[in-house]
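Q: Sequential numbering of the sequence shown, starting at 8, is according to this note's numbering. Yeah, the Cβ is synthetic: ideal placement off N, Cα and C, and Gly gets one too.
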Amino acid sequence: MRLLHAWIGNDGKAMKAAKGKLFQVRWRLNPGAGRIAIERKLTRFRTKAEANAFIERLTMAEYRMTDAFGRTWRFDADGQPTDEPEGAATLLDKLEEYVAARWTTLWSPGQRTKVRGRLLRLVAVSVDRASDREALLDGLESQKRHRGARPEPASTIEWAARWLRDVAFYPDAIAISDEMAAGERWLRAASMSVASIDSETVTQLRIHFTEGQVHSTARTYWQGTVIPFLNWLRDTEVISPATLAGQPKLRRDLEGERPDPRRIPDPTQAALVAAEMGRAHGEPWELFTLLGFWCALRISEALYIRLSSFIFTDDRWWLEVELQERRTVGACTDGGETKIVTGTKATRDRTPTRRLVPIPDFLAKRLVDRYGETLGVGDDRLFVGPRGGVANDSTVREWWHEAVRSTLGDALELDGITPHAMRHAGMTWWFAAGKDHKLIQRWGGWTSIVQMLDTYRGVIESLVVQELDGLDDFASQWELEEQSLPASDAATESPTRGGVVVDLLEWRQSRSASS
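In C-alpha cells:
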C-alpha cells in the first residue's frame, strides 16, 4: 500500500464526541493492483500533538521506517499502521505487489484481462491442500460463468473465489461483505508461502500450466504469464536465481500453427460468403468481406478501416493497414473503454511499419462506385452497425458464421471456419498469383520472411502451378458469369448489382478513356 495523503479532519480542529473533543485523523491509501484509492479514519486523539504523531507513523509505515524506539512500522491488511512483525509473505501477497508494479507498464489494456485470469489461477493452484485447491478452482469457474446473476457462495472457499475474482486484481469499487472478508482471510492463510518456492515447486507449476494444453496455450500461460512473475520474484531477491535454473523450454508447435489448405476458401466461395453478408446486412458488409479476403486482413484490422485508409498511387488503389480495433473489458482500461485501437499484430513481438496492400481492380471499382470522391478522404468509418454506431466484433462474427453456414454448408472441410480464414485466404491467393515472396511479406506485415514461408509451407505445396501475369489476372479467373450461376446460388447475389464480379476489361477501358 502507498500513502496518498494524511490530514486531521474538520479542518484541523477538534470534533465533538461523547467523550469530549477529539481529533480525527483521515488518510487515503493506494491499495495497488489497479484498484481505486481507499480512505481510512480514526477518532481517538485528545490532543493535536497525538494526532500529528499518528500521521508521522503513517508516513513511516509507507517507507517501513524505524522510529527512535527501534519499532519498524508498516501497513497491515486493513491499512492501519502497525509495528507487529510481518508474517511470512504468501504468493498472493507478492502477486498483488507485482500487479501493482506492472499495471500500467507491463501490459496493454487488451492484455490485462487474460493476464489477470492466469494469475488468479496461479493463486488457486498455490493452495496447500489439494481438496481446497480443487474447490477454489471450481469456485473461480463458477464466478466466471455467472458474472450476471451468480448464486451466493455456500462455503468460505467459494467466498474466497468471489473475493479473488472481483476484488483482488480488479479496479472496481466493490463493497466487501463480512463473508467475503472471511474468504479473503482464508485464502491468505491457505496460499503458498513464497519461502517454500523451490525448483521442485516451479516444476510442478510448469506441469500444471503446460501438461495437456495445446502448444500455443501452454506458451501463453507459462512463458507469457508465470515466468515473468517468477523472474520478478528473482529480481526482487524473494527467491534464489538457482530456483529457475534448468527448467526446459517449451517447443513451438509449428505444425499446429500452419493453416490447413483444405480449410481455405477459394475466390468463388469467398464471393458467395461476401454476397450473403451483403444480402443480409447491406452492401458495406459485402465490401467488408471482400476486402478481408483480397487484402488478407484480420477482422480487427478490417473493422478499423476508414475512408482515409485508401490511397490511389501507381495507377491503382491501395489499402493502408496500420491500426486495428479490438474489444476489451472496460475494467481493464484506464478510462473504462470497451474498444481500444492498437498497432497491428506482428511476428517477433514487433509492430511493423504501415503496410500498403493492393486492391484488385474489380473490388476497387466497387469501392469507387459506392464512395465516389470521398474514397481516400475523411476519417469516416466504412463499417458501422445497423444504427450507425461502431461495429461490434462479436455481432460481425455471428453474421459471418451464419453466412458461411448458408453458403458453404455443403463443403464439410470449410464447416465452422472463422473470420481469420480471410487472412489465410488472402495470403494463399498472393502465393497462387505467383507474387514475389518479399512483396507478400510486405503486404502481409510479416517481420520474418522465414517464419512466413514456414507457416504457409503446406499451402504453397498444395497450390497448382499457374502461369499468371499478376494478381488482377488471378482474380479474373474467378469471374462468375450471371448466366452460369446455379439456381441455388442466384439468391445469394447482392441486390445492389447484376453479377458477383464486375467485368474488368470494361472498367479498364473506361479508366483509359477518362484519363
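Since Leu297 and Glu327 should fall inside the 8 angstroms C-beta cutoff, what is the C-beta to C-beta distance between them, to a whole number of angstroms?
A: Rounded, the Cβ-Cβ distance is 17 angstroms, inconsistent with contact.
Q: Tell whether a beta-carbon distance below 9 angstroms holds between Arg265 and Val466.
A: In this structure, Val466 lies closer than 9 angstroms to Arg265 by Cβ.
Q: Nearest by alpha-carbon distance to Asp85: which of Met22, Ala188, Thr79 is it?
A: It is Ala188.
Q: For Arg531, which residues from the same chain have a beta carbon less than 7 angstroms from its beta carbon, with the 5 sequence-adjacent residues on both sides left out?
A: Any answer about residue 531 is impossible in this case: the structure gives the chain only from 8 up to 522.
Q: Would you mind giving the Cβ-Cβ distance between Met199 and Leu98, rounded to the nearest angstrom? I have them listed as a contact below 8 angstroms.
A: So it is a contact: roughly 5 angstroms between Cβ atoms.
Q: Below 7 angstroms CB to CB, which residues in the same chain sit around Leu11 once its five sequence neighbours on both sides are set aside?
A: Taken in chain order, the residues that qualify are Arg35, Leu36, Asn37, Ala44.
Q: Is Ala24 helix, strand or coil when you go by DSSP?
A: It is a strand residue.
Q: Which of the three DSSP states, helix, strand or coil, is assigned to Trp350?
A: Per the sequence shown, residue 350 should be read as Gly rather than Trp. Strand, per DSSP.
Q: Taking the Cβ atom as the reference point for each residue, do Arg213 and Gln254 lie within a distance shorter than 9 angstroms?
A: It is a contact, given that the beta carbons lie within the stated cut-off.
Q: Going by alpha carbons, who is nearest to Gly526 out of Val201, Ser413, Leu470?
A: What is shown of the chain runs 8 to 522, which leaves residue 526 out entirely.
Q: Please go through the same chain and pick out, in chain order, the residues whose beta-carbon is closer than 8 angstroms to the beta-carbon of Ala497, but skip the five residues on each side of it.
A: Model confidence at Ala497 stands at a pLDDT of 39, short of 50, so the residue's coordinates are unreliable and nothing is read from them.
Q: When we look at the beta-carbon of Pro365 and count the other beta-carbons within 10 Å, is it buried (16 or more) or exposed?
A: It is buried - the Cβ of Pro365 has at least 16 other Cβ atoms within 10 Å.
Q: Give a yes or no on whether the C-beta atoms belonging to Thr66 and Ala13 are separated by under 9 angstroms.
A: It is a contact, given that the beta carbons lie within the stated cut-off.
Q: Using a Cβ-Cβ cut-off of 6 angstroms (strictly less than) and excluding sequence neighbours within five positions of Gly19, which residues of its own chain qualify?
A: Cβ within range, chain order: n/a, list empty.
Q: By how many angstroms is the C-alpha of Arg128 removed from the C-alpha of Ser455?
A: So the alpha carbons of these two residues sit roughly 34 angstroms apart.
Q: Among the residues of its own chain, which have a CB less than 6 angstroms from the CB of Leu240, if the five just before and after it don't count?
A: The answer, listed in chain order, is Ile246.
Q: From what residue to what residue does the beta strand (DSSP E) around Ala13 run?
A: Counting along the chain, the beta strand (DSSP E) containing Ala13 begins and ends at 9 to 15.
Q: Just to confirm my understanding: we take Leu460, look at its own chain, exclude 5 residues before and 5 after, and list those with CB closer than 8 angstroms. What are they?
A: So the qualifying residues of the chain are His444, Ile467.
Q: How many angstroms separate the CA atom of Gly416 from the CA atom of Gln276?
A: For Gly416 and Gln276, the distance between alpha carbons rounds to 11 angstroms.
Q: For Arg169, which residues in the same chain have their Cβ closer than 8 angstroms to its Cβ, ignoring the five residues on either side in sequence?
A: So the qualifying residues of the chain are Gly146, Gln150, Arg157, Pro160, Met187, Gly190.
Q: Which same chain residues, not among the five before or five after Lys26, have their C-beta less than 7 angstroms away from its C-beta?
A: Counting only Cβ-Cβ distances below 7 angstroms, and skipping sequence neighbours, we find nothing.
Q: Return the residue from the list Arg78, Asp90, Arg226, Ala142 that minimises the CA-CA distance to Glu165.
A: Measuring from the Cα of Glu165, the nearest candidate turns out to be Ala142.
Q: What is the DSSP secondary structure of Leu389, reduced to helix, strand or coil?
A: DSSP places Leu389 in coil when its eight states are reduced to three.
Q: Assuming contact is defined by CB atoms lying nearer than 9 angstroms, are Leu370 and Leu294 in contact in what I supplied?
A: In contact: Leu370 and Leu294 (Cβ atoms closer than 9 angstroms).
Q: Run through DSSP, which three-state label would Gln87 get?
A: Coil at Gln87, not helix or strand.
Q: For my contact list, Asp400 and Leu310 are in at a C-beta cut-off of 8 angstroms; report their separation, rounded to the angstrom.
A: So it is a contact: roughly 7 angstroms between Cβ atoms.
Q: Considering only their Cβ atoms, is the gap separating Leu314 from Gly423 smaller than 9 angstroms?
A: Contact: no.
Q: In the DSSP assignment, the alpha helix (DSSP H) including Thr425 goes from what residue to what residue?
A: Element bounds for Thr425: n/a, residue is neither H nor E.
Q: Can you give the Cα-Cα distance for Ala303 and Trp437, rounded to whole angstroms?
A: Near 9 angstroms, if we compare the C-alpha coordinates of Trp437 and Ala303.
Q: Determine the closest residue to Arg109 out of Val403, Glu46, Glu69, Thr232, with distance taken between C-alpha atoms.
A: Minimum Cα distance to Arg109 is reached at Thr232.
Q: What's the C-alpha gap between Ala196 and Glu91?
A: If I take the Cα positions, the gap works out to 17 angstroms.
Q: Taking the alpha carbon of Glu308 as the point to measure from, which residue in His427, Arg9, Val32, Ala21 has its own alpha carbon closest?
A: Among His427, Arg9, Val32, Ala21, the Cα nearest to that of Glu308 belongs to His427.
Q: Give the secondary structure of Trp453 by DSSP, where H, G and I count as helix, E and B as strand, and everything else as coil.
A: Coil at Trp453, not helix or strand.
Q: By Cβ distance below 8 angstroms, which residues in the same chain neighbour Arg172 in space, the five residues on each side in sequence not counted?
A: Closer than 8 angstroms at Cβ, skipping near neighbours: Leu127, Leu147, Gln150, Lys151.
Q: By a C-beta neighbour count over all protein chains shown, 10 Å radius and 16 as the cutoff for buried, is Met22 buried or exposed?
A: So Met22 counts as exposed.
Q: From what residue to what residue does the alpha helix (DSSP H) around Thr402 run?
A: Unbroken alpha helix (DSSP H) run through Thr402: 400 to 415.
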